[in-house]
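J.: The following block contains the structure, expressed as structure tokens.
Numbering (my numbering), first residue to last: -9 to 389.
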């Protein structure tokens, strides 16, 4: 007992953590409750489950810093809930916390519990900068009902990406709902997103992003499905930006995140906050690009890199980016410092050198593979550019 008194809080938390998993013999529960001075009213209890979004820096912290953070969250929970309730808080994981409480006023309605939860969420955000979703069980009337109460509260957290349910979710709001959707793909929007961004089509980009947000809002997604959709959207945009020879940092100035951060989005509010930043960054970049031409060059280069092995003309590339051949020629010289034809030749020669060095293809095969059907012409062009024939180049790299 002396050892218990010296660490009463920790022992209480350990006991209550065991209690939500299953009640042992009732006599043992009463005995332990009395020894630990737990003052819950077994005839009127609720179980709360909290899902905490710590923010991007949390998982970079040391174990000691993480432990301090978890302790701080428990302290805020105890302080706020303790005003009008007898409550005990503990962490189940680094992101899930549990509170068992009994209202000090036996007649307190569930609406009072909801108000207390709202105040707790506000205090955690104000003091610790964390976003939370809180699941609330039905009224529990015995120790034996605690595992069921925890199951209800934890199940509520699975609905934290449902727009209409908000930050405080009651079991009675979700118990009769259909099963959550376990998958959601952004890929049907991919071509529209890529085309709108590549061609700097402001309204098309805005409409597509708004449609994606509506789609996510109207679905009942599991947390894994919602976070997975965010990761997929971010991946599509990063690939699109990279193909335009731009950096993600340059375009997504405030919404650039790690995939780990997206996988740990706390709730629907966290998802939509990030989506809004993403939309603002993309639209701002497109607006700032209006009247500028680097995106035209980026799209032209992308088309050339994708089709250098074919007979592509300046006219074909110009048609791809929606301008005249003469204007594209001017822009190419202005921004690349080289003529279109020279850029294409240099790219083909560079690809040929890679193939000569790293494969066993014959020279005439490589000639075709880099866009020159006439391998005699390819030989002359290669020697002019490199100073030796393709065969001599291959031999020089194998010495």
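Note that beta-carbon positions come from the ideal geometry of N, C-alpha and C, so glycine has one too.
A quick note: this is a predicted structure, and the numbers were derived from the prediction, not measured.
(1) Mind checking which residues open and close the beta strand (DSSP E) that includes residue 80?
(2) When the distance is taken between beta carbons, is residue 91 closer than 8 Å to residue 71?
(3) In terms of DSSP beta bridges, what is residue 93 paired with?
(4) Would residue 66 and residue 26 be called neighbours here (beta carbons separated by less than 8 Å)?
(5) Look at the Cβ atom of residue 122, then the Cβ atom of residue 247, and state whether they are nearer than 8 Å.
(6) As an exercise, report each continuous alpha helix (DSSP H) stretch of at least 4 residues that is fully enclosed by the region 311 to 374, in chain order.
(7) When DSSP builds the beta bridges, which residues end up paired with residue 35?
(8) Where does the unbroken beta strand (DSSP E) through residue 158 begin, and where does it stop?
(9) Give the DSSP-derived three-state secondary structure of residue 260 in the structure shown.
(10) For residue 125, I'd like the list of residues in its chain whose CB is within less than 6 Å of its CB, leaving aside the five on either flank, ordered along the chain.
(11) Using 8 Å as the Cβ pair cut-off and three pairs as the minimum, do the region 290 to 308 and the region 228 to 238 touch?
(12) Compute the beta-carbon to beta-carbon distance between residue 171 and residue 211, rounded to the nearest angstrom, for a pair I have assumed lies under 8 Å.
(13) How about residue 304 and residue 333: do their beta carbons lie closer than 8 Å?
(14) So is residue 166 buried or exposed if we call it buried at 16+ other beta carbons inside 10 Å?
(15) Just to confirm my understanding: we take residue 351, look at its own chain, exclude 5 residues before and 5 after, and list those with CB closer than 8 Å. What are they?
(16) What does the alpha-carbon distance come out to for the pair residue 299 and residue 362?
(17) Judging by CA-CA distance, which residue of 296, 207, 108 and 48 is the nearest neighbour of residue 154?
(18) Ends of the alpha helix (DSSP H) at residue 49?
(19) Which same chain residues, not among the five before or five after residue 13, have their C-beta less than 7 Å away from its C-beta?
(20) Using DSSP with H/G/I as helix, E/B as strand and the rest coil, what is residue 230?
T.: In brief:
(1) Here residue 80 refers to the residue found at position 90 of the chain shown. Start and end: 75 to 81.
(2) Against the chain shown, residue 71 aligns to sequence position 81. Against the chain shown, residue 91 aligns to sequence position 101. Against a cut-off of 8 Å, the Cβ pair of residue 91 and residue 71 comes out as a contact.
(3) Translated into the one-based positions of the chain shown, residue 93 becomes position 103. Answer is 75.
(4) Here residue 66 refers to the residue found at position 76 of the chain shown. Here residue 26 refers to the residue found at position 36 of the chain shown. Result no, Cβ atoms of residue 66 and residue 26 do not sit closer than 8 Å.
(5) Residue numbering aside, residue 122 sits at position 132 when the chain shown is read from its first letter. Residue numbering aside, residue 247 sits at position 257 when the chain shown is read from its first letter. Result no, Cβ atoms of residue 122 and residue 247 do not sit closer than 8 Å.
(6) 315 to 326, 330 to 348 and 353 to 359
(7) Your numbering for residue 35 matches position 45 in the chain shown. Paired residue(s): 130.
(8) Taking the chain shown and counting its residues from 1, the one referred to as residue 158 is at position 168. Looking at the DSSP string, the run of the beta strand (DSSP E) that includes residue 158 is 158 to 160.
(9) Counted from its first residue, the chain shown places residue 260 at position 270. Helix, per DSSP.
(10) Reading the chain shown from its first residue, position 135 is the one you call residue 125. 39, 143, 146, 147 and 159, listed in sequence order.
(11) yes
(12) Counted from its first residue, the chain shown places residue 171 at position 181. Counted from its first residue, the chain shown places residue 211 at position 221. Going by Cβ atoms, the distance from residue 171 to residue 211 rounds to 5 Å, so yes, they are a contact pair.
(13) Walking along the chain shown from the start, residue 304 turns up at place 314. Walking along the chain shown from the start, residue 333 turns up at place 343. For residue 304 and residue 333, no; Cβs fall outside 8 Å.
(14) Counting from one through the chain shown, the residue named residue 166 turns up at place 176. Its Cβ having fewer than 16 others within 10 Å, residue 166 is exposed.
(15) Counted from its first residue, the chain shown places residue 351 at position 361. Excluding positions up to five away in sequence, the list reads 345 and 359.
(16) Residue 299 sits at position 309 when you count from the first residue of the chain shown. Residue 362 sits at position 372 when you count from the first residue of the chain shown. For residue 299 and residue 362, the distance between alpha carbons rounds to 8 Å.
(17) Position 164 of the chain shown, counted from the first residue, corresponds to residue 154. Out of 296, 207, 108 and 48, 207 has the C-alpha closest to the C-alpha of residue 154.
(18) On the chain shown, residue 49 is found 59 positions in, with the first residue counted as 1. Careful: residue 49 lies outside any alpha helix (DSSP H) and carries neither H nor E.
(19) As a working mapping, residue 13 is identified with position 23 in the chain shown. So the list reads 19, 133, 134, 136 and 137, once near-sequence residues are dropped.
(20) Along the chain shown, one-based indexing puts residue 230 at 240. Residue 230: helix per DSSP, three-state reduction.
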